[in-house]
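FYI, the numbering for the sequence shown is 55 to 286, going by the numbering used here.
Cβ coordinates follow ideal geometry from the N, Cα and C atoms, glycine included.
None of these values were measured; they are calculated from a predicted model.
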Amino acid sequence: MTSSKKPATSSTRRKRTSPGSRNFSMSEPTSLKDQIRVIKRDGSIEPFAIAKMLNCIRNGLAATGDSCGLDMSAAGGLAEAVFEYLTSSFRRSPVPSRHIAELVELVLSQTGHGTASLAIREHTASRELRRRRLMVASARPSDGRIVQHRWSKSLLVRHLRRQHHLDVPIARMIAGRVEQLLFNCGLRVVTSGLIREMARSELLAWGLAPGALVVKRVRPSDRCGRVRDLEN
Numbered sequence: 055m056t057s058s059k060k061p062a063t064s065s066t067r068r069k070r071t072s073p074g075s076r077n078f079s080m081s082e083p084t085s086l087k088d089q090i091r092v093i094k095r096d097g098s099i100e101p102f103a104i105a106k107m108l109n110c111i112r113n114g115l116a117a118t119g120d121s122c123g124l125d126m127s128a129a130g131g132l133a134e135a136v137f138e139y140l141t142s143s144f145r146r147s148p149v150p151s152r153h154i155a156e157l158v159e160l161v162l163s164q165t166g167h168g169t170a171s172l173a174i175r176e177h178t179a180s181r182e183l184r185r186r187r188l189m190v191a192s193a194r195p196s197d198g199r200i201v202q203h204r205w206s207k208s209l210l211v212r213h214l215r216r217q218h219h220l221d222v223p224i225a226r227m228i229a230g231r232v233e234q235l236l237f238n239c240g241l242r243v244v245t246s247g248l249i250r251e252m253a254r255s256e257l258l259a260w261g262l263a264p265g266a267l268v269v270k271r272v273r274p275s276d277r278c279g280r281v282r283d284l285e286n
């Protein structure tokens, strides 16, 4: 008696391993994901974040007005293609963040999204230009003279980790939000005090500063002219 089952063809095998063949999500638990390490531009090393790469792809698609930019599964399939390559090529050694960006651009170009690939490249170049142009003014401890130095997000990350004991991903997230606020100001020179206040505001907003979740109220008073409640 011969078996009625047919051997899997190469096309069937390709279908099983296709990047878009399974449901992909930003929070997908993958042991290999935890093994991948990324070397940032400032030399620091952090765990690979699928969510960050997926968000980059979706933003690139949306920036071009492509309808796929609103399709989570389309962006997820492209992100998974890059992710599977990374897991097979960089399990034992860290991968430069620049290389990941190049892979994302390559995948977009080869799947008919060349305009989105160009949009991501231009966005990255624009941020790098802003970083080079932004200067930070601070008082020199030795004589109090105001000096300027180039903005560095990595310095703020180290400050947040040292002073507020934040993990690297959280510190980078807060520093990234502060950086975007600085860019939105449109200023070429900012003070170190402004940066500290922006960082403090972000920490308070995310509940990461002491007393951030404490709501203070003024007790009702019978005296005229006294505020009865801060919420009113």
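Contact belief for residue i with residue j at Cβ below 8 Å, rounded distance in angstroms
i: Arg185; j: Trp205; result: 6 Å
i: Ala253; j: Val232; result: 5 Å
i: Val92; j: Ser151; result: 5 Å
The beta strand (DSSP E) enclosing residue i, as first and last residue numbers
i: Ser192; result: 189–193
i: Pro101; result: 99–101
Residue i versus residue j: straight-line alpha-carbon distance, rounded
i: Met189; j: Thr118; result: 32 Å
i: Phe78; j: Leu220; result: Because Phe78 carries a pLDDT of 40, less than 50, the predicted location of this residue cannot be relied on, and the following value inherits that uncertainty. One C-alpha to the other measures close to 29 Å.
i: Pro195; j: Val158; result: 44 Å
i: Asn109; j: Asp197; result: 46 Å
i: Leu262; j: Ile99; result: 23 Å
i: Val111; j: Ser163; result: Here residue 111 turns out to be Ile, not Val, going by the sequence shown. Roughly 12 Å between the two C-alpha positions.
i: Ser81; j: Ala103; result: Residue placement at Ser81 is poorly supported in this model, since its pLDDT is 44, which falls under 50; the coordinates are not used for a value here.
i: Leu248; j: Gln202; result: 14 Å
i: Ala146; j: Pro101; result: Correcting the residue type first, residue 146 is Arg in the shown sequence and not Ala. Roughly 13 Å separates the two Cα atoms.
i: Gln89; j: Glu134; result: 16 Å
i: Ala105; j: Arg199; result: 43 Å
Residues bridged to residue i [DSSP beta-bridge criterion]
i: Thr245; result: Ala191
i: Leu203; result: Reading off the sequence, residue 203 comes out as His, not Leu. Answer by DSSP bridge pairing, in chain order: Val190.
i: Arg175; result: Per DSSP, none; premise fails for Arg175.
Continuous alpha helix (DSSP H) stretch holding residue i: start and end
i: Pro148; result: Pro148 -> no alpha helix (DSSP H), and no H or E assigned at all.
i: Arg91; result: Here Arg91 belongs to no alpha helix (DSSP H); instead the beta strand (DSSP E) covers 91–93.
i: Pro223; result: 222–239
i: Leu262; result: That residue, Leu262, is in no alpha helix (DSSP H); it is neither H nor E in DSSP.
i: Gly114; result: 104–117
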